[in-house]
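Have a look at the structure below before the remarks.
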Amino acid sequence: MTLGAVLQSGLLPEGLNVSFKLAPAILVAAMLALFLGIGYAFRVADTEGMWVAGRSIGNVENGMAIGANWMSAASYLGMAALIALSGFYGLAFVVGWSTGYFILLIFLAAQMRRFGKYTAPDFVGDRFNSDTARAIAAVTTFLIGFVYAIGQARGMGLVGLYIFGDIGIPGMSGYQSMVILMMAITVGYLTLSGMLGATKNMAVQYVILIVAFLAGLYAVGFTQGYSTVLPQIEYGAMVAELGSEFSEPFVNESYYLWIATAFSLVVGTCGLPHVLVRFYTVENERTARWSTVWGLFFICLLYLSAPAFAAFGTDLYSENIGAVYGDPGMTSAAGDVIVVLAAQLAELPQWFVGFVAAGGIAAAIATTAGLFIAGSSAISHDIYANIINEDASQRQQVLVGRLSIVALGVITTLAALDPAAPIAALVSYAFSLAGAVLFPMFFLGLWWENTNRQGALAGMTTGLVIWLIPMINEVLPTYIGTGEPYSATLAAAVPAIGSALVAVPIVFVVTIGVSLATDEPDMATKRLVRQCHSPEPMSRMQSAEEVATTDGGEPVSDD
Amino acid sequence: MVEKNSQDSPVETDGGALTQAAQSHRETNYLDREVNLLRPSTPFMREHLRIVWTGFILWALIVFGPVTLTYLAPGVMTAEMPVLGFPLHYFLVAIGAPTGALLLSFWYARKRDALDEKYGIDHATTQSNADGDVAVAADGGTNE
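For the record, the sequence lines run as chains A and B. With the first letter of the first sequence counted as 1, position 288 gets the number 287 in numbering that gives the first Met the number 0; the numbers rise by one all the way through. With the first letter of the second sequence counted as 1, position 133 gets the number 132 in numbering that gives the first Met the number 0; the numbers rise by one all the way through.
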């Protein structure tokens with residue numbers, strides 16, 4: 000794998016102007032103050048409001064929230080980096096991260112809304128009537144938050160270098176100091192804000208990040224004479240000049256890895272807890288559907304632009320700094336800031352480059368917030384309050400939630416000090432996990448009423464194991480070994496970045512097989528699933544469980 | 000047991016002139032019908048799944064088609080496009096796939112709305128149906 004091998008070079012992006020800059024620093028501070036202000040203005044008092052925003056969010060607003068929640072440093076920075084460094088292979092990320100929403104839309108969005116609980120582990124626990132399944136899902140959610148956030152921390156650390164310079168914590172490199180500073184800011188911010196007005200905030204965060212990204216792209220394209228009105232298409236004319244590495248298929252990575260990556264990102268999209276929770280916040284299932292369409296539209300605005308940004312950045316880099324491909328070539332650290340680097344190399348004003356960088360930080364903070372909230376609610380709501388201490392008071396739950404946010408912050412920071420891969424690759428490990436463990440449970444749980452507890456437990460365990468194999472084989476050595484996978488054959492067959500391609504079919508077979516071999520679930524569970532699919536409208540505050548047990552006043556006939 | 004959630008819906012706007020589809024919807028108790036992706040058990044589910052599978056197949060072609068063709072016939076697929084200057088495979092993957100998925104999503108949401116209409120399902124009055132306790136339906140959308 001070339002992805003993991005290129006870095007570990009101190010992570011100081013060459014060519015990036017690393018120094019403290021007043022105007023961009025003020026921009027970032029003002030942005031965080033704005034988020035807190037909005038959070039305060041739309042603060043909520045009860046759990047319903049806290050977790051699902053009173054189920055009151057409309058199409059466009061939820062679409063924007065989907066966009067902001069979704070587009071992290073991996074979209075803002077990492078995707079352009081992969082396209083610049085890995086060429087055609089990088090497009091697997093564009094495709095996987097955008098087109099997955101269609102699968103989410105046709106198979107899961109409306110049914111999830113009808114199910115109407117609070118968290119992803121809630122779904123798994125209630126659908127399969129099992130605290131063990133709930134615990135596995137909660138642990139998975141926590142792990143996803145952790146792995147995913149490493150990529151965000153790396154992005155914030157690299158971009159922070161442009162804005163704040165090397166703050167020089169003794170014994171740490173400039174990058175490491177910045178990761179610690181940025182994660183401290185993020186955790187502090189989260190502790191202050193909770194999920195206060197989170198959805199309102201996400202709409203604002205979306206606007207900031209898309210405006211910063213598109214303004215950067217247009218400014219670079221226009222001042223450098225690359226493009227005029229539609230850079231998303233106009234960069235086509237320069238593809239030929241960028242070298243065969245930029246566009247030639249399968250020179251960097253194989254066809255198999257391309258498909259495996261794209262597939263993993265698609266099923267990961269459908270299994271990510273912090274994405275699913277967006278469907279719990281809307282008024283009804285029709286809004287759930289249309290907000291997915293809007294969300295995909297908002298996502299496409301950035302995803303169609305990222306390759307253009309990568310093309311501009313690659314060209315500017317080779318003109319100003321050195322050859323992008325070959326030896327030594329561009330490092331992954333420089334790649335990960337190519338969006339900021341392009342704006343800087345185009346000699347745009349410093350405050351403007353800072354604005355583009357701030358967009359990256361907004362993207363990273365918005366997603367980290369969503370992930371940490373999902374991870375901490377998995378611990379406090381699903382494990383602590385549901386399993387460990389069933390009489391937990393609200394106060395205790397909130398305390399456990401806060402502590403788990405801090406814990407997540409600390410372990411993420413530690414792992415990000417010496418990250419194993421570029422941002423987008425790190426994030427894709429989390430997608431493989433979500434795709435392998437949670438997606439089959441959501442899919443089968445909603446579409447086949449005979450999926451039972453034993454099947455779910457067997458399936459989830461299988462998924463976890465298959466995900467862990469390449470993580471141990473391939474990713475662990477970058478922390479404790481030589482950086483080379485223990486078994487190259489295994490790494491080629493089950494790549495860490497796309498292990499869901501192997502895992503998902505196996506998990507499906509195991510889940511279905513075990514479900515068939517054991518007793519069918521009881522009638523109450525089946526009615527719950529049926530209610531998720533009934534086209535009969537439901538009231539805003541109802542969950543499928545309530546309707547399925549009461550049947551709108553009718554006695555539950557046992558048949 | 001052929002009987003749906005039956006506190007007779009308070010508003011019967013179409014005064015008896017129900018379509019066949021809406022009639023069958025009214026007569027279906029969805030809580031008694033099996034949910035199975037491969038064996039739809041109600042007329043609504045059957046029609047819905049036809050849309051879902053059509054969309055899914057188109058999606059698979061849009062997403063994995065161009066890259067597979069590029070693998071099988073690299074020469075043809077990497078030819079430069081006139082005017083735009085893109086190599087064909089790059090354009091189909093970078094721009095074709097995301098845009099295609101977006102258009103498909105729009106198409107699906109429209110289709111599903113049309114299906115709801117055909118079966119006489121109205122999400123605007125969600126407050127009144129299925130919830131015996133709520134007598135007033137008119138506030139559909141204010142905050143509690």
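We put the CB at the ideal spot given by N, CA and C, even for glycine. It should be emphasised that the depicted structure is a prediction, and the values quoted were computed from it without experimental measurement.
Going by DSSP, B/R38 is part of no alpha helix (DSSP H) at all; its letter is neither H nor E.
Contact between B/Y107 and B/I50 is confirmed by a C-beta separation of about 7 Å, below the 8 Å threshold.
At least one beta carbon of chain B lies nearer than 7 Å to the beta carbon of A/F101.
In the structure shown, the three-state DSSP call for A/E284 is helix. Nearest CB-CB separation between A/L295 and chain B: below the 7 Å threshold. L83, G84, F85, P86, H88, Y89, F90, V92, A93, I94, A96: these are the residues of the region 83–96 of chain B whose beta carbon lies less than 8 Å from some beta carbon of chain A, given in chain order. Using a Cβ distance threshold of 7 Å, A/G159 and A/M181 count as a contacting pair. Contact note: B/E79 reaches chain A through A239, using a C-beta cutoff of 8 Å and chain order. With 16 or more other Cβ atoms inside 10 Å of its own Cβ, B/N28 counts as buried. Within the region 442–466 of chain A, W446, W447, E448 place their CB atoms closer than 7 Å to a CB of chain B, listed in sequence order.
For B/P86, the secondary structure class from DSSP, reduced to helix, strand or coil, is strand. Residues of chain A whose Cβ lies closer than 8 Å to the Cβ of B/T98 are, in chain order, C299, L303. Chain order gives the chain A residues near B/V51 as I105, F106, where near means a beta carbon separation below 8 Å.
In this structure, A/G144 lies near A/L407, with their beta-carbon atoms less than 7 Å apart. Its Cα nearest to that of A/N251, the residue A/G89 stands out among A/A420, A/A136, A/G89, A/T367.
Nearest C-alpha to A/P469 among A/F442, A/I135, A/F122, A/L500: A/L500. For B/E33, the secondary structure class from DSSP, reduced to helix, strand or coil, is coil. The alpha-carbon of A/I360 is positioned some 11 Å away from that of A/L26. Counting only runs of 4 or more residues that sit fully inside the region 311–367 of chain A, the alpha helix (DSSP H) segments are 331–335, 337–344, in chain order. Contacts between B/P73 and chain A, judged by CB atoms closer than 7 Å, involve P248 in chain order. Under the Cβ distance rule, B/G54 counts among the residues neighbouring chain A, one pair being separated by less than 7 Å. A direct Cα-to-Cα measurement between A/A305 and A/Q541 gives close to 40 Å.
By the Cβ rule, the region 337–354 of chain A does not count as touching the region 378–397 of chain A, because fewer than three pairs are nearer than 8 Å. Remark: fewer than three beta-carbon pairs, one from each stretch, lie closer than 8 Å, so the region 518–532 of chain A and the region 455–466 of chain A are not flagged as touching.
Counting only the Cα atoms, A/P248 lies some 8 Å from B/P73. About 6 Å separates the beta carbon of A/M78 from that of A/A423, a gap short enough to meet the 8 Å contact definition.
Taking a Cβ-Cβ threshold of 7 Å, the residues of chain A close to B/T69 are P248, in chain order. For A/G408, the uninterrupted alpha helix (DSSP H) run begins and ends at 393–415, by DSSP.
Look at B/E116 here: in three-state DSSP terms it is helix.
Excluding residues up to 5 positions away in sequence, L275, F278 lie with their Cβ nearer than 6 Å to the Cβ of A/M111 in the same chain. Not flagged as an interface residue toward chain B: A/W69, since no C-beta distance is shorter than 7 Å.
Within chain A, the residues whose beta carbon sits less than 7 Å from that of B/R111 are R288, listed in sequence order. For A/N283, a Cβ of chain B is located within less than 7 Å of the residue's own Cβ. In the structure shown, A/E252 adopts coil according to DSSP, grouped into three states. Cβ neighbours of B/R32 within its own chain (closer than 6 Å, five residues either side excluded): S40, T41. Residue pairing by DSSP puts A/W447 in a beta bridge opposite B/N35.
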